[in-house]
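Student: Before we start, here is the structure in question, set down as C-alpha cells.
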Amino acid sequence: MIRASKPISRLIPGQFSAFRQLHSGSRRRRYSKNDNDDDENDKGTHLYLYKSKGQHLLTNQRILDTIVRKSAIKPTDTVLEIGPGTGNLTLKLMEAANKVFAIELDSRMVEILDKRASESGLQDRLTVIRKDALKAEFPLFDLVVANIPYSISSPLVAKLVFGSIPFRSATLLLQKEFARRLLAKPGDSEFNRLAVNVTLVADVEHVMDVSRREFLPCPKVDSSVVIIRPKAQLPDVNLGEWLAFTRTCFGKKNKTLGATFKQKKKVAELLNFSEMAASNAEYNVSLNNIIKEDDDEESADSDGEEECCSCSGSEIGVSPFKEKIMRVLKSGGFDDKRPSKMSNEELLRLLALFNQAGIYFHGKSNSFSKVRPSN
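Written out as C-alpha cells, the structure reads:
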C-alpha cells in the first residue's frame, strides 16, 4: 500500500474539507495485502493510494486541459471515463460534455468524486458506476477519455476496439512502453501482436508524452497520451479466426513462417481445428482468452521437429496436412517471411489463403462474429 506524502491540495486542486492533508511524516512505502476498499486505515484524514490498482493521479492542469482539448468533445457528447480517481480530469470533462459516465471501483474515490461534482454544480452531468471496468457492461457513449491503470491496459483496449458499442475516439493516458507498442509499425522492434490486432480495426495517433513526475504518487515509468479512432471501413474477416491466427504467427514473431508452421505440435493442432470446421463440430472457446495479450513473451513452443504432441489429430494425417500448409506458404511467397516485418494486408492475404485451402485456426470458425459486431 502506498501512503502518499503530498498535501491533498495537489491531489485535488482547490479546497476539499473531507481530506485536508495526506500524511507527511513517513516516506516509507507500504503495500496492502489486499484491496479492501473499506479498510479502517483509509478513514480519517489520510488517503492511501493503492499501487495494485494503478492509483497514480495526474495533477498538472495544463496536461489535463490538453487531454480534454485534443479529445474534441462536443457539448452533446456522452463521455466514458475509466478510473477517474479523485476527479481532476472528470470535472473538466463535465464542463465540456453533456454527460459523463465514470467507472470507479474504489469507494473512497467515489465519495470524493461525488462531493467534488456536487460542489461544482455539475452533478447532474455525472453518473458514477462502481464496478470493475473489465467486467462492467458499458453504457452507450460517444468518446472515451481516461487515465487507464497500467495493469489493465491491454484487455481494456481490446474490450473497447472489439466491443459492440460504436464510438468516435478514445483518448487514453497509457504507460509509455505500452503506447509505443500500439504505435509500432512492421519492422519496428516494438511491433507485435498488440499493434497488429488493434490496427486491424482502428488508427492510433500519438499526442504527447507525460513525465512520471506529473503524477502523485510518482510511478516508476513515464506515460503517453494516444488517441484511438475506429476505422470506418473494416476488413471482411472472422474475428475469432484472425485473433487465433495472429497468436500463432506472433508466438515467435522473428521466426520465419515456414519454421513456425512445420512444427508437429502446431500442424496437429491446426489439423484438429480444420477437421472441426469441416464437420461443423461444436468447439467452445472464450474470445477473451484469444484476445489476451501475450506480446511481452514469445511462446515456449519447441523449435524441434520431434516434440511430443498431445493433440487428438491422426498421426497418419499430420504429414500430408503439413505438406498442405507448406504449399500454401510457398504459393503466396510467405515461407521465408517473418511476422515482425509483415503488414496487416499481408497477414490478411495469408489467412485468406489458409482458409481457402481448408486450414483453420480454431474449430467451427463460422460460429464467431465478424470484426466489430453490430448492436
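If you're matching positions, the sequence shown starts at 128 in the working numbering and goes up one per residue. Quick reminder that beta carbons are idealized off the backbone N, C-alpha and C, glycines included.
1) Put Ala484 into one of helix, strand or coil per three-state DSSP.
2) From Met403 to Gln483, what does the alpha carbon distance come to, in whole angstroms?
3) Leaving out the 5 sequence neighbours to the left and right, which residues in its chain are closer than 7 Å to Phe372 when beta-carbon positions are compared?
4) List, from N- to C-terminal side, the beta strand (DSSP E) runs of 3 residues or more that fit wholly inside the segment 307-352.
5) Thinking just about the alpha-carbon of each residue, which of Pro211, Arg189, Leu287, Ile194 is nearest to the one in Val255?
6) For a test of the three-state rule: what should DSSP assign to Val445, helix, strand or coil?
7) Taking Gly248 as the reference, give the member of Lys286, Lys464, Glu222, Asp349 with the closest Cα.
8) What's the call for Pro202, buried or exposed, on a 16-neighbour Cβ count within 10 Å?
9) What's the gap between the Cα of Leu185 and the Cα of Cys345?
10) Taking Cβ to Cβ, would you say Ala386 is nearer than 8 Å to Val445?
11) From the DSSP output, in three-state form, read off Pro282 for me.
12) Between the Cα of Ile200 and those of Thr213, Asp269, Ala260, spot the shortest distance and give me the residue it belongs to.
13) Assuming Val364 is part of the beta strand (DSSP E), what are its boundary residues?
14) Check whether the Cβ atoms of Ser198 and Ser316 lie closer than 8 Å to each other.
15) May I have the straight-line CA-CA distance separating Ile93 from Ser458, to the nearest angstrom?
16) Among residues of its own chain, excluding the 5 on either side of Ala311, which ones have a beta-carbon nearer than 6 Å to its beta-carbon?
17) According to DSSP, is Ser234 helix, strand or coil?
18) Quick check on DSSP: helix, strand or coil for Pro504?
19) I'd like the span of the beta strand (DSSP E) that includes Leu397, first residue to last.
20) Give the single residue among Lys286, Glu450, Gln390, Pro466 whose Cα lies nearest to the Cα of Lys382.
21) Look at the alpha carbon of Asp204 and the alpha carbon of Phe294, and state the distance between them as a whole number of angstroms.
22) Would Thr217 and Leu253 qualify as a contact pair, given that the criterion is a beta-carbon distance under 8 Å?
23) Under 8 Å: do the segment 330-344 and the segment 360-368 share three or more Cβ pairs, one atom per stretch?
24) Give the secondary structure of Ile292 by DSSP, where H, G and I count as helix, E and B as strand, and everything else as coil.
25) Within its chain, find whatever has a CB closer than 6 Å to the CB of Leu207; leave out the 5 residues flanking it on each side and keep chain order.
26) What residues in its chain sit with their C-beta under 8 Å from that of Pro313, if we drop five residues either side in the sequence?
27) For Lys303 versus Val348, is the C-beta distance shorter than 8 Å?
Tutor: Concretely, from the data shown:
1) Note: Ala484 maps to coil in three-state DSSP.
2) Rounded to whole angstroms, the gap between the alpha carbons of Met403 and Gln483 is 15 Å.
3) Leu478, Phe488
4) Fully enclosed beta strand (DSSP E) runs of no fewer than 3 residues occupy 329-337 of the segment 307-352, in order along the chain.
5) Pro211
6) helix
7) Glu222
8) exposed
9) 10 Å
10) It is not a contact, given that the beta carbons lie outside the stated cut-off.
11) helix
12) Asp269
13) That residue, Val364, is in no beta strand (DSSP E); it is neither H nor E in DSSP.
14) no
15) For residue 93 there is no data in the structure shown, the boundaries of the chain being 128 and 502.
16) Close CB contacts of Ala311 within its chain, under the 6 Å cut and outside five residues either way in sequence, are with Glu317, Phe318, Ala322 (chain order).
17) Judged by DSSP in its simplified three-state form, Ser234 adopts helix.
18) With the chain running from 128 to 502 in the structure shown, residue 504 is simply not present.
19) Per DSSP, Leu397 belongs to no beta strand (DSSP E); it is in the alpha helix (DSSP H), 391-406.
20) Pro466
21) 11 Å
22) yes
23) Note that the segment 330-344 does not touch the segment 360-368; fewer than 3 beta-carbon pairs, one per stretch, sit closer than 8 Å.
24) coil
25) Cβ neighbours of Leu207 beyond the five flanking positions: Phe228, Phe268, Val271.
26) Cβ within range, chain order: Ser467, Lys468, Met469, Ser470.
27) yes
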